[in-house]
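Here the sequence shown stands for residues -21 to -1, 1 to 552, numbered as in mature numbering (1 follows the signal peptide of the UniProt record, and there is no 0). Here's the structure we're looking at; comments come further down.
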Amino acid sequence: MAVKTPLAIVAMALFPLLGYAENTTPPWVKSAIFYQIYPPSYQDSNGDGIGDIQGVIQRLDYIKSLGVNTLWFNPLFKSEFKDGGYDITDFYQVDPRYGSNSDLVQLIEEAHKRGLRICLDLVAGHTSDKSAWFQEASKGHDRRYSDYYIWPDRIPDDVKGKEKDQIGGVIGEDSFVKSTAPRASYYIKNYYDAQPALNYGYANPNPKNAWEQAVDAPGPMAVRRELENIMAFWMDKGIDGFRVDMASSIVKNDPDKKATIGVWQDISNWYHTHYPDAVLISEWSNPKESSSAGFNIDFMMHTGKYNFNSLFVNRVGGEFAPVVSYFAKDGKGELKTWYKLYSEQYNATKGNSLITLPTGNHDIQRLNAGDRDSVEQLKVAMTFFLTMPGAPFIYYGDEIGMRFQTGLWNKEGSQGKSTKNRAGARTPMQWDDSKNAGFSTTDYWNLYLPIDKNPQRPNVAKEEKDPRSLLNYTRNLLKLRASSSALSAEGDWELVSNINRPYPMVYLRSSGNERYLIALNPSDRPVSASINNLKINQATRVVGDEAQGTLSTQAAQPEVNVAPISALVFKLE
Ligand code: NOJ
């Protein structure tokens, strides 16, 4: 789908002068609705209990029917699966358990036929310790891949006792992994020991530590060029972009991120010049920074300072620690924390790059978790996700309200250090009432992960038939969003309720003369808000019914009343 226009080429040449990402977001991205697929759990086509590419192809019509238009897949590449596929042994090959490179090309073609775009996961920062690069590099100083990795001969005193910050790329004592290889006594890892960090250099190399190379030293430059090879390899097979894993961490010891941004500007400039119709999405959690590095979309979710944790129950760590959150029926949450973080990023990136607040992902609890367990509660949260600015990301299964599974064992590294039960968000998609919920024909004990045992568990077939299901609600919200520029990625957003009275949360989306008012009440009590400085001639209800709330426009100050656990959307004239 990539087309390079002469205008785009001229614009590329001007980027460094103009402020980077300004012109690199292709128009389609502004109406992109993403659907994330965790490959082993979506659809098994060959009865081995693990989802695969042919399985996804079988489900493309369903995906299209949701109203999404872009898919993002967690890594599909050859892996040892010590970290769910984020420990790659060969970046240029699809792992046989998912199919072949040809299957992926077929998927791209079948998706494109239906107007769906495809993004892959780019694990820029590390490989598996079993990759041929690492194996070769371990043998000595003068091997082809020797400087693709970082090889300390000791742990410096000033690092002893310090903890690493894996997302930020700051080295701690636990970043040093003891090695018996001839190359050196240690290597630097990124996440698990089996994930040696690729060498993009250090922001300020310490001359006393010979292994700390500058970002423009030959080794780090070779790694940069290799990353571009990987990107070109898959782009030339027809994909539409990448989500970049731990993008903020590639340069080591770079707390102000200047060197990291510089390296990404080099890579993203190359990428946007060659593939001006492609998207680049970062796992960075600081849209201001990632945007200047050349990314078009960044996540604000559970990591880093700029997160949405105060909105959702215990999105980090153990299973259900009693964390106060806004989207909980006890109504004890507050909006100030999130509002401050979000509006800072929103105002800084507006008109430039997009923020995404995803419904979930493979690292965090699903929306349906703890006592957020009713269809009504999930509808309120879904209304929030699909009426906010930026790029919506729906995690597979969230559209039917799949339940987060507690008490699961460690599957392929799912029990991370800070994220204890990632398996609970990675269970098989629930399609229908047949064997294994239609996910696989295998025997139960061969399944990648067990399926929700609740006999009342949601599934696609049931929800298709029910006009009031979460599935149909999600589809309707996406139709509404697609019909309106006010509700689109770049429509304006303003919180119009009083931040000190957090329930209900009321915001306005607008573009030119088009305006929508959204009122959300996740709490189990009726609430109301009067809105200052908002002139309404006429309000047409587009989401919610009379029983869920009203908007009175007679008085000088419009007032919105929202019933317990309800969401309302009005079109304003
Ligand atoms: C972030 C990914 O989302 C996560 O699943 C993975 O374990 C780490 N990066 C390491 O690659």
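Just so you know, even glycine gets a beta-carbon here, dropped at the ideal spot from N, CA and C. Keep in mind the model is a prediction, meaning the values are calculated, not measured.
Counterpart residues of residue i in DSSP-defined beta bridges
| i | result |
| --- | --- |
| S489 | D471, R494 |
| I36 | None, per the DSSP bridge assignment. |
| R447 | DSSP lists no partner for R447. |
| N500 | S545 |
| A193 | Y181 |
| T49 | F13, R96 |
| G220 | C98, V258 |
| I276 | I260, L333 |
| I209 | Bridge partners of I209: none, in fact. |
| residue 563 | Shown here, the chain extends from -21 to 552; a query on residue 563 therefore has no answer. |
| P175 | K168 |
| E152 | In the DSSP output, where bridge partners are listed per residue, E152 has none listed. |
| V70 | Note that residue 70 is Phe in the sequence shown here, rather than Val. In DSSP, F70 forms no bridge with anything. |
| I373 | Y14 |
| G528 | V541 |
| H105 | A176 |
| D144 | V149 |
Pair within 8 Å by beta-carbon distance, residue i and residue j
| i | j | result |
| --- | --- | --- |
| F418 | Q22 | yes |
| Y495 | V548 | yes |
| L290 | F306 | yes |
| D411 | V439 | yes |
| S264 | G283 | yes |
| Y128 | A116 | yes |
| residue 565 | L459 | The shown model of the chain, from -21 to 552, leaves out residue 565, and the question about it has no answer. |
| A310 | S44 | In the sequence on display, residue 310 carries Gly and not Ala. Not closer than 8 Å, so no. |
| Y77 | P18 | yes |
| S247 | T328 | no |
| G148 | V230 | yes |
| Q409 | P429 | no |
| P537 | S545 | no |
| I334 | N232 | no |
| D431 | Q384 | yes |
| I209 | F70 | yes |
| D74 | F56 | yes |
| L456 | M361 | yes |
| R504 | P543 | yes |
| G380 | N347 | yes |
| L101 | V223 | yes |
| I515 | L474 | no |
| W213 | A226 | no |
| G34 | A461 | no |
Best match in the options for proximity to residue i [C-alpha to C-alpha]
| i | options | result |
| --- | --- | --- |
| A11 | F56, S164, T3, L95 | L95 |
| N400 | T366, V439, N340 | N340 |
| T420 | G217, S24, L428 | S24 |
| G220 | K236, G241, Y250, F363 | Y250 |
| S490 | S502, R480, P481, D471 | D471 |
| C98 | Y14, N169, K139, G180 | Y14 |
| Y171 | W190, D108, N232, I134 | D108 |
| Q517 | V506, Q533, D342, V230 | Q533 |
| K168 | V258, P186, W388, E142 | E142 |
| residue 610 | G241, Y179, G198, K61 | Nothing about residue 610 can be read from this structure; the chain reaches only from -21 to 552. |
| L336 | L314, L346, M367 | M367 |
| M200 | S125, W213, I497, T159 | S125 |
| N178 | T106, L466, V73 | T106 |
| A176 | P481, F155, A196, V8 | F155 |
| N188 | W388, P135, W424 | P135 |
| K315 | P481, N326, L426, K441 | P481 |
| P255 | D215, K118, P186 | D215 |
| P407 | T4, K9, I29, P6 | I29 |
| T68 | F113, D121, K514 | F113 |
| A257 | M225, G217, Q244 | G217 |
| V138 | D40, S462, E152 | E152 |
| Y374 | I240, I42, A160 | I42 |
| P234 | D40, Q145, R203, V303 | Q145 |
| A160 | H120, W213, N288 | H120 |
| N433 | N511, N415, T49 | N415 |
| P266 | Y325, V303, V302, L259 | Y325 |
Cβ-heavy atom distance, residue i to the ligand GDP, below 7 Å
| i | result |
| --- | --- |
| K358 | The model on display carries the ligand NOJ but not the ligand GDP. |
Rounded Cβ spacing between residue i and residue j (contact assumed at less than 8 Å)
| i | j | result |
| --- | --- | --- |
| L86 | I32 | 5 Å |
| A163 | P131 | 6 Å |
| G523 | N540 | With a Cβ gap of about 11 Å, G523 and N540 do not count as contacting. |
| S393 | R382 | S393 to R382, Cβ: 17 Å. No contact. |
| A508 | S476 | 4 Å |
| Q344 | G403 | 7 Å |
| P184 | Q174 | Wrong, their Cβ atoms sit about 22 Å apart, outside the cutoff. |
| E378 | L320 | Not confirmed; about 27 Å, so no contact. |
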